[in-house]
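Chemist: Chains as they are written, first to last, in this note's numbering: chain A, 21 to 381; chain B, 21 to 381. A virtual CB, placed ideally from N, CA and C, is assigned to each residue, including glycine.
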């Protein structure tokens with residue numbers, strides 16, 4: 021496993037820091053305390069490259085023996101950016117996994133093609149919106165679902181803030197939205213995809229997932245960084261029989277390069293569709309970084325399905341066509357609050373969004 | 021619930037940014053899309069204070085209605101620092117919870133007094149070390165345990181890098197170390213506390229915990245930020261009957277103020293003892309911040325037990341007395357690699373560590 025970091029600081033210290041990084045991310049003892057041949061050869065990480073990058077930094081690449089990972093999803097993350105994350109001047113920027121570890125993590129079970137199939141959209145960018153704001157009853161949210169579904173939006177997901185509230189219990193919400201999904205499918209002949217938000221401790225999330233699947237939900241969403249990447253893995257590879265969308269809540273707090281976290285790690289852990297804050301939103305995300313992030317989600321990795329990029333974060337109806345053209349066909353546009361900005365024009369704005377993306381595809 | 025953030029940027033924009041923060045962390049729609057009385061009163065967050073702080077920043081405090089949290093551990097975190105974490109110029113610096121949410125999170129089940137009782141140390145700072153480096157067999161680690169236990173170290177924990185490796189399976193390691201624990205207790209009349217590291221996806225961690233408890237383990241450790249805070253909560257409040265230590269791996273990547281994350285959040289979620297990187301270590305942690313962090317862990321919160329500060333990160337035997345004096349009686353010193361730096365003097369260095377802390381207490 022090769023991991024790269026950007027390390028800020030004086031060039032005079034960089035070789036020592038690179039060695040310290042390799043120790044910290046593997047044996048976590050001073051070099052003098054590594055006295056065993058097996059540990060030196062099979063456990064100790066090695067510095068592979070130190071290259072100047074930017075004004076005051078270096079890119080340090082280390083290789084960590086596969087044996088140290090125990091092929092466990094949590095331990096892999098521990099070795100990638102465990103203790104070294106505690107140094108404020110280190111950012112983790114790249115991870116390359118050998119085949120054995122790709123096979124251990126497994127990646128998406130559905131990926132782009134599988135997600136498309138579930139959503140029933142073959143050959144253009146997908147459209148997505150969120151049921152919000154929080155505070156509405158299940159019936160009110162199901163009514164919003166009807167408006168969006170009639171307008172032809174492909175994927176209609178819970179806002180990531182919809183939890184198991186007394187005023188909107190998870191199970192009632194799922195039932196009401198699935199009912200609306202079937203009703204509008206009968207009416208229009210087109211079935212939008214309802215995606216509930218799973219949130220809670222692992223016991224709660226596993227219970228919500230089981231309920232959703234038993235009741236016919238065809239995809240689910242969760243926030244992997246909030247719940248923990250290992251929980252994402254269990255959901256994807258031990259529990260879910262439907263595609264999983266990843267929401268970025270809490271993820272910005274991580275000192276990972278966004279391309280790495282959203283582009284590679286979430287996919288490797290199993291997310292089929294990954295929401296990220298895009299340019300053209302209320303978040304300050306550069307186009308080049310967005311391009312790399314989306315490309316990384318879809319790039320070819322042997323044995324690992326591609327995952328669907330879902331740009332969001334406040335994209336407006338007016339800019340949807342431009343954003344769709346930027347990300348290309350294998351993407352899903354998420355427009356949320358902007359559909360609801362005028363009380364009496366939600367259906368109209370939703371149709372405009374749908375048409376803009378269809379035209380772009 | 022009141023949450024405070026440091027927001028960098030021009031003073032002219034701060035009022036608008038504070039309002040945007042309150043929207044982002046609650047309804048997550050434009051203000052114009054909030055049209056319902058109930059949502060406006062019971063869900064929408066409000067700006068409580070905006071105060072200049074530092075050269076180019078402000079401290080923004082918002083209040084988030086308790087109803088929005090659903091009293092769920094994951095949803096609380098979502099509302100504290102969900103989407104807003106995606107803005108790189110925002111740091112979350114404080115959280116104040118009302119009684120209802122303190123009761124929902126519950127905090128430590130053992131806390132300082134309970135941990136002391138399990139470790140059998142009444143009235144001085146505790147000593148702690150780690151079994152490492154990774155790469156050793158269970159028997160080799162158990163032998164290290166014997167050396168440390170004979171030297172009188174109170175708490176001997178797995179390194180956070182010890183997973184369920186083929187060369188050192190979790191179950192064999194736990195059995196071997198518990199055997200060594202009992203053996204040295206018979207020999208010396210003093211029982212050191214063995215603390216295994218739980219690591220993996222939730223299913224794996226729950227299974228490891230069950231095995232450890234069935235076999236007589238009296239405390240466990242995990243890395244909450246690596247596994248996810250919601251997993252910490254399930255372990256503490258639905259699964260564990262023994263105290264839980266929190267390891268900081270992966271946590272530095274969070275854009276939380278360290279005092280908040282290590283001092284308050286981990287305690288609120290249930291950690292009984294919290295390891296953090298201290299001054300006097302190989303990490304760059306200022307004394308004042310360490311002081312606040314330790315004070316926060318031990319400060320009085322009605323209905324919530326205090327948690328034990330565990331300064332670590334590379335403290336040396338030579339500085340242990342000074343560090344112990346700094347943190348005071350209710351603390352546990354963690355010295356790891358420095359005990360092992362000379363192959364033939366591990367026992368001697370361990371005794372020197374124990375004596376230094378005993379003298380300081």
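1) Within 7 Å of any Cβ in chain B, is that where the Cβ of residue 228 of chain A sits?
2) Buried or exposed: where does residue 320 of chain B fall if 16 or more other Cβ atoms within 10 Å of its Cβ makes it buried?
3) I need the DSSP call for residue 178 of chain A, collapsed to helix, strand or coil.
4) What residue range does the beta strand (DSSP E) around residue 112 of chain A cover?
5) If we ignore side chains and look at the alpha-carbon of each, how far apart do residue 184 of chain A and residue 190 of chain A end up?
6) Tell me which same chain residues have a C-beta within less than 6 Å of the C-beta of residue 324 of chain A, skipping the five on either side of it?
7) Ordered along the chain, which non-local residues of its own chain (more than five positions away) have a Cβ less than 8 Å from that of residue 53 of chain A?
8) By the 10 Å Cβ neighbour count, where 16 or more other Cβ atoms means buried, how is residue 385 of chain A classified, buried or exposed?
9) Is any beta-carbon of chain A found at less than 7 Å from that of residue 23 of chain B?
10) Under 8 Å Cβ-Cβ, which residues of chain B neighbour residue 102 of chain A?
11) Could you say which of B:217, B:216 and B:202 lies nearest to residue 210 of chain B if we only look at CA atoms?
12) Which residues in chain A have a C-beta closer than 9 Å to the C-beta of residue 251 of chain B? List them in chain order.
13) Among the candidates B:255, B:29 and B:106, whose CA atom is the shortest distance from the CA of residue 74 of chain B?
14) According to DSSP, residue 107 of chain B sits in a beta bridge with which residue or residues?
15) Between the beta-carbon of residue 168 of chain B and the beta-carbon of residue 200 of chain B, is there less than 7 Å?
16) For residue 59 of chain B, which of B:261, B:86 and B:80 has the nearest alpha-carbon?
17) Starting from residue 72 of chain B and walking both ways along the beta strand (DSSP E), at which residues does that stretch end?
18) Just the C-alpha distance for residue 77 of chain A and residue 142 of chain A, rounded to the nearest angstrom, thanks.
19) Around the Cβ of residue 69 of chain B, are there at least 16 other Cβ atoms within 10 angstroms (buried) or fewer (exposed)?
20) When you compare each of B:270, B:278, B:317 and B:269 to residue 291 of chain B by their alpha carbons, which one comes out closest?
21) Which same chain residues end up closer than 6 Å to residue 367 of chain B when comparing Cβ atoms and leaving out the 5 residues on each side of it in sequence?
22) Going by DSSP in three states, residue 142 of chain B sits in which element: helix, strand or coil?
23) With a 10 Å radius around its C-beta and 16 neighbouring C-beta atoms as the bar for buried, classify residue 147 of chain A as buried or exposed.
24) For residue 120 of chain B, which three-state DSSP category applies?
25) What does DSSP give as the partner residues of residue 251 of chain B in its beta bridges?
26) Report the three-state DSSP secondary structure of residue 264 of chain A (helix, strand or coil).
27) How far does the beta strand (DSSP E) with residue 153 of chain A in it reach, from first residue to last?
28) I need the DSSP call for residue 331 of chain B, collapsed to helix, strand or coil.
29) Note down, in chain order, all residues in the region 366 to 380 of chain B with a beta-carbon under 7 Å from any beta-carbon belonging to chain A.
30) Please report how far the alpha carbon of residue 229 of chain B lies from the alpha carbon of residue 215 of chain B, in whole angstroms.
Modeler: For this structure:
1) Not an interface residue.
2) Looking at its Cβ environment, which holds fewer than 16 other Cβ atoms inside 10 Å, residue 320 of chain B is exposed.
3) In the three-state scheme derived from DSSP, where H, G and I count as helix and E and B as strand, residue 178 of chain A is classed as strand.
4) Where residue 112 of chain A is concerned, the enclosing beta strand (DSSP E) stretches over 110 to 116.
5) For residue 184 of chain A and residue 190 of chain A, the gap between their C-alpha atoms comes out near 5 Å.
6) 122 and 127.
7) These residues qualify, in order along the chain: 47.
8) Nothing in the structure corresponds to residue 385 of chain A, since chain A is present only between 21 and 381.
9) Residue 23 of chain B does not count as touching chain A.
10) Under the 8 Å cutoff, chain B gives 180, 181, 243, 246, 269 and 270.
11) The option with the nearest alpha carbon to residue 210 of chain B is B:202.
12) Here the neighbours are 221, 222, 247, 248, 250 and 251.
13) Nearest neighbour of residue 74 of chain B by Cα position, chosen from B:255, B:29 and B:106, turns out to be B:29.
14) Looking at the DSSP assignment, residue 107 of chain B forms no beta bridge with any residue, so it has no partner.
15) Not closer than 7 Å, so no.
16) Closest option to residue 59 of chain B, Cα to Cα, is B:86.
17) Run containing residue 72 of chain B: 66 to 73, per the beta strand (DSSP E) assignment.
18) Pairing residue 77 of chain A with residue 142 of chain A, the inter-Cα distance amounts to about 45 Å.
19) Residue environment analysis places residue 69 of chain B among the exposed positions, since fewer than 16 neighbouring C-beta atoms fall within 10 angstroms of its C-beta.
20) The residue from B:270, B:278, B:317 and B:269 with its alpha-carbon nearest to that of residue 291 of chain B is B:317.
21) Sequence-distant Cβ neighbours of residue 367 of chain B in its own chain, meaning closer than 6 Å and more than five residues away, are 167 and 171.
22) Secondary structure of residue 142 of chain B (DSSP, three-state): coil.
23) When all chains shown are included, residue 147 of chain A counts as buried.
24) In the three-state scheme derived from DSSP, where H, G and I count as helix and E and B as strand, residue 120 of chain B is classed as helix.
25) DSSP, once it has assigned bridges, lists no residue as partnering residue 251 of chain B.
26) Strand.
27) Looking at the DSSP string, residue 153 of chain A is not in any beta strand (DSSP E), and its letter there is neither H nor E.
28) The DSSP-derived three-state label of residue 331 of chain B is strand.
29) For the region 366 to 380 of chain B, which is checked against every Cβ of chain A, not one residue is closer than 7 Å.
30) Distance between the alpha carbons of residue 229 of chain B and residue 215 of chain B is about 11 Å.
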